[in-house]
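The structure appears below as structure tokens.
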Amino acid sequence: MTEITENGSTKVEKPSHFIQNILRKDLDEGKVETIVTRFPPEPNGYLHIGHAKSICLNFGVAKQFGGVCNLRFDDTNPEKESDEYVESIKRDVSWLGFEWHEEIRFTSDYFDQLHDWALELIKAGKAYVCDLSPDQAREYRGTLTEPGKNSPNRDRSVAENTELFAKMRAGELAEGSCSLRAKIDMAAPNINLRDPVIYRIKKVRHHHTGDKWCIYPSYDFAHGQSDAIEGVTHSICTLEFEDHRPLYEWFIANLSVPATPKQYEFARLNLNYTVTSKRKLRQLVDEQHVDGWDDPRMPTISGMRRRGYTAQSLRNFCDRIGVTRSDSVVDVGMLEYCVRDDLDKNAPRAMCVLRPLKVTLTNYPEDKIERLRAPGHPNRDDLAERELPFSQTLFIDVEDFREEANKKYKRLVLGKRVRLRNAYVIEADEAVKNDAGEVVEVKARIIENTIGEDPEDGVKPKGVIHWVSAAENIECDVRLYDRLFNEESPGAGGSDFLQAINPDSLQVLSGAKAEVSLGEAKPESAYQFEREGYFCLDSHYSRDGALVFNRTIGLRDSWAKISQQN
RNA sequence: UGGGGCGUAGCCAAGCGGUAAGGCAGCGGGUUUUGAUCCCGUCAUGCGAAGGUUCGAAUCCUUCCGCCCCAGCCA
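Counting from 1, position 80 in the first sequence corresponds to residue 81 in the working numbering; the numbering is continuous, with no gaps.
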């Protein structure tokens with residue numbers, strides 16, 4: 002049931018989901034010749050893990066069935082949109098590993114056509130300019146259980162509507178003073194059909210069309226027709242748009258569009274211990290609870306990238322969670338599994354001591370340095386070996402030494418032995434303490450002839466710990482991240498989601514000691530710091546001679562459970 | 001109390017009338033110079049509930065219960 006992907010991470014072979022079933026059926030029955038989908042983000046924020054699901058779905062099925070997928074910016078509301086977001090979205094989609102068909106599309110590229118179609122509706126007596134203010138319109142709309150009332154302007158003549166719409170377009174009417182509405186049914190049980198607004202006045206400069214327009218089409222009026230223009234066959238969106246489908250179909254049926262795209266809905270992704278709403282993510286950025294949209298703790302694609310998550314792991318995650326119509330909350334542990342799975346298979350190994358404790362080898366010459374060789378990966382010989390300088394003084398992690406411990410502790414203990422990863426077995430003789438009683442140095446001895454061999458006296462070490470030479474290493478900062486929220490569902494039950502922020506989501510360690518080969522690390526490229534976790538160089542904070550590593554994710558840690566039990 | 005959806009294990013999710021796949025998490029064990037990886041085993045007499053149809057129901061019918069979405073000139 003499982004197969005291995007090109008780069009080795011574990012991919013599960015899954016039965017097809019309902020979207021794939023629909024596409025296969027439409028292809029088989031000849032309803033469509035080529036699948037055309039589209040990913041239609043509004044450029045009003047950065048993409049997050051939920052968008053990744055949509056991207057993988059839209060681009061994924063198009064590729065699977067030999068079709069194409071467009072990248073279209075749904076930019077009908079200039080008040081919230083900007084080029085910064087356009088650029089970040091292009092970067093994120095590319096990084097995720099997908100290629101959009103031909104050039105980038107913008108809904109705003111179709112504003113002329115959309116305007117013509119609005120005129121077409123007016124001429125057919127199917128749209129009218131309504132003078133109701135937003136507040137009045139709300140009253141006229143009725144409620145969930147009561148029908149709405151017709152606008153006093155509902156029966157304006159075609160001529161009058163044409164003239165008023167022209168004035169709207171010419172900027173002669175004030176924002177909010179009127180709108181163009183589709184004439185459908187104010188008593189419809191589906192509120193979206195109660196004469197929805199299709200054009201509104203916004204005297205705002207548009208990031209893509211500049212000052213050409215002061216009226217902008219609504220999402221409902223733009224989306225389906227844009228799909229039709231592009232020849233999109235299957236317009237896949239999330240569940241909250243289900244109630245809009247009758248409206249989507251109404252425009253397609255009542256306008257001279259070149260194609261008849263169909264809308265299908267799937268459940269959006271929810272992840273526990275995470276927020277995936279642009280509003281909340283924006284708030285975290287604006288109020289500086291995080292360093293920006295690409296803060297490594299953010300569930301944005303750019304944040305995860307900077308954190309060290311790989312595109313492959315995100316794609317695998319999206320494959321594993323499936324595509325259905327039922328609301329669900331995926332355990333963030335599933336995401337973490339996918340990240341570890343990919344990184345384990347592909348990240349070169351290295352050693353870095355996070356909290357250094359000096360070890361002096363009393364039987365090792367002071368001026369001697371051995372150049373040991375270590376594999377780049379325990380089960381991959383295609384990854385380059387590295388050189389480890391070994392010297393009289395070393396650093397090990399403070400957590401890896403105890404003066405005394407029970408049998409479960411498999412690290413260095415006074416009077417006992419431990420294996421230094423890829424090097425000698427050593428035995429600890431003495432703990433040197435400062436005035437506060439803290440261990441500041443350990444005096445130990447190497448056991449001769451133990452590189453790649455067990456000790457000749459038959460006394461095997463209890464465990465293996467990592468180390469770095471004190472003579473040659475790279476001092477660096479390490480940033481340890483934990484989940485951004487302490488609650489499974491931040492903001493649940495009407496509480497303030499900011500109250501759920503984990504105050505310890507970032508811990509900065511300075512003075513960590515990295516092995517010299519890490520001097521060649523490139524930003525965002527993954528390493529496993531053995532026994533610690535996966536790390537990558539931070540793309541913002543790192544400088545030549547002042548390296549900063551982000552912990553992407555820790556190794557699975559069964560010791561944590563054992564040590565807590567005792 | 002209008003309309004539209006959805007309920008299969010702690011989580012995700014197959015199943016579409018023939019007797020509950022798979023993954024994550026968990027638990028138990030094995031290998032191991034990473035307490036990692038890897039490997040093996042275990043984990044729903046049960047499919048929101050109750051009736052009914054049937055030789056046989058998670059699948060069909062009825063009723064009920066729960067959860068989600070919709071009253072922006074947002075998308």
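From the three backbone atoms N, C-alpha and C, an ideal C-beta is built for every residue, glycine too.
None of these values were measured; they are calculated from a predicted model.
Item, Value
"Express the C-alpha separation of N8 and R552 in angstroms, rounding to a whole number.", "22 Å"
"Given this structure, state the Cα-to-Cα distance separating P41 from A527, to the nearest angstrom.", "31 Å"
"Just reading off the alpha helix (DSSP H) that E95 is part of, what are its end residues?", "The question names Glu, but residue 95 is Ser in the sequence shown. Taken as a continuous stretch (DSSP letters only), the alpha helix (DSSP H) holding S95 covers 84-96."
"Can you tell which of A432, T163, A424, T325 has the C-alpha that lies nearest to the C-alpha of L58?", "T325"
"Whose C-alpha, out of V13, Q529, I563, E428, is nearest the C-alpha of W344?", "Rather than Trp, the amino acid found at residue 344 in this sequence is Leu. The residue with the shortest Cα to Cα distance from L344 is Q529."
"Judging by CA-CA distance, which residue of D539, A561, G555 is the nearest neighbour of P297?", "D539"
"Only counting the same chain, and skipping five residues up and downstream in sequence, which positions put a Cβ closer than 8 Å to that of M2?", "Bear in mind that the predicted position of M2 carries a pLDDT of just 42, short of 50, making it unreliable; the figure below should be weighed with that in mind. Counting only Cβ-Cβ distances below 8 Å, and skipping sequence neighbours, we find V13, E14."
"From R73 to L97, what does the alpha carbon distance come to, in whole angstroms?", "16 Å"
"Looking at Y425: is its Cβ nearer than 7 Å to the Cβ of I397?", "no"
"Spatial neighbours of K369 within its chain, please: C-beta separation below 8 Å, excluding the five flanking residues on both sides.", "S392, Q393"
"Once the 5 residues before and after F252 are set aside, which same chain residues still bring their CB inside 7 Å of it?", "F222, G225, Q226"
"If we call anything under 7 Å between Cβ atoms a contact, is H245 one with T38?", "no"
"Please classify K523: does DSSP put it in a helix, a strand, or coil?", "coil"
"If N364 sits next to R446, beta carbons under 8 Å apart, how far is it from one beta carbon to the other, in whole angstroms?", "5 Å"
"Between E30 and R201, what straight-line distance do the alpha-carbon atoms span, to the nearest angstrom?", "41 Å"
"Drop a sphere of 10 angstroms on the beta-carbon of S314, count the other beta-carbons inside from all chains shown, and report buried for 16 or more, exposed for fewer.", "buried"
"For a test of the three-state rule: what should DSSP assign to E250, helix, strand or coil?", "helix"
"Can you tell me whether DSSP reads C339 as helix, strand or coil?", "helix"
"Please list the segments of the beta strand (DSSP E) lying wholly inside the segment 227-278, counting only runs of 3 or more residues, in order along the chain.", "235-239, 263-267"
"Out of I20, R403, E449, which has the shortest C-alpha to C-alpha gap to D458?", "E449"
"Hey, how far is the Cα of V94 from the Cα of L145?", "39 Å"
"With 16 as the cutoff for other CB atoms within 10 Å, does V414 come out buried or exposed?", "buried"
"Report back the beta-carbon spacing between V62 and I36 to the nearest angstrom; my notes put them in contact at under 8 Å.", "7 Å"
"For R308, does the three-state DSSP call read helix, strand or coil?", "helix"
"Pull up the distance between the alpha-carbon of E161 and that of P300, whole angstroms please.", "50 Å"
"With a Cβ-Cβ cutoff of 7 Å, do S109 and D76 count as a contact?", "yes"
"Determine, using beta-carbon pairs with one atom in the segment 17-29 and one in the segment 332-343, whether at least three such pairs fall under 8 Å.", "no"
"Assuming V130 and N154 form a contact by the criterion Cβ under 8 Å, report the distance between their Cβ atoms to the nearest whole angstrom.", "7 Å"
"Sorted by chain position, which residues of the same chain lie with C-beta nearer than 8 Å to N317's C-beta, five sequence neighbours on each side aside?", "T6, S10, T11, K12, C339, D342, D343"
"The alpha helix (DSSP H) spanning Q289 covers which residue range?", "Careful: Q289 lies outside any alpha helix (DSSP H) and carries neither H nor E."
"Quick check: the Cα distance between G492 and V517, rounded to an integer number of angstroms?", "45 Å"
"Below 8 Å, can you find three or more Cβ-Cβ pairs linking the segment 492-503 to the segment 459-469?", "no"
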